[in-house]
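Below is one structure, written out as structure tokens; comments come after it.
Take a look at the structure:
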């Protein structure tokens, strides 16, 4: 019972581009990439309180969020590709994608099956 990103959260040109490239439920992206995207977008939303999307792009958020972790050399190329696609993202659009990712990671197509 996973819902499409568009149906679940609404639409914008930026989200439409994301859906066209990665599927209605972002099913092309792995669970790991979705988790890392969630970290990146959370960092982006936090920093947007001080800067605009042109002053602090999503691509900078991925570096800030993930290079502090143990995995800086294992960041999937898909995540960089998604962040490039999301340049100019608004906070509302980022929150929309975060809502969808949360749903997918907990209930939908990217959840971990636990017996």
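Residue numbers (the numbering used here): 232 to 346. Cβ coordinates follow ideal geometry from the N, Cα and C atoms, glycine included.
- Can you tell me whether DSSP reads residue 298 as helix, strand or coil? Coil at residue 298, not helix or strand.
- Query: With burial defined as no fewer than 16 other Cβ atoms inside 10 Å of the residue's Cβ, what is the status of residue 274: buried or exposed?
  - Reply: Burial of residue 274 is indicated by the presence of at least 16 other C-beta atoms within 10 angstroms of its C-beta.
- Compute the Euclidean distance between the alpha carbons of residue 266 and residue 332, then round it to the nearest angstrom. Here the C-alpha atom of residue 266 lies approximately 8 Å from the C-alpha atom of residue 332.
- Query: Under a Cβ-count criterion, where at least 16 other Cβ atoms within 10 Å of its own Cβ denotes burial, should residue 298 be classed as buried or exposed?
  - Reply: Looking at its Cβ environment, which holds fewer than 16 other Cβ atoms inside 10 Å, residue 298 is exposed.
- What distance in whole Å lies between the Cβ atoms of residue 296 and residue 213, which are believed to be in contact at a cut-off of 8 Å? Past the edges of the chain, shown from 232 to 346, lies residue 213, and the structure says nothing about it.
- Message: What does the Cβ neighbour count give for residue 319, buried or exposed, with the cut at 16 atoms within 10 Å?
- Response: Exposed: under 16 other Cβ atoms inside 10 Å.
- Item | Rounded separation between residue 335 and residue 264 - CA only | So the two alpha carbons sit approximately 12 Å from each other.
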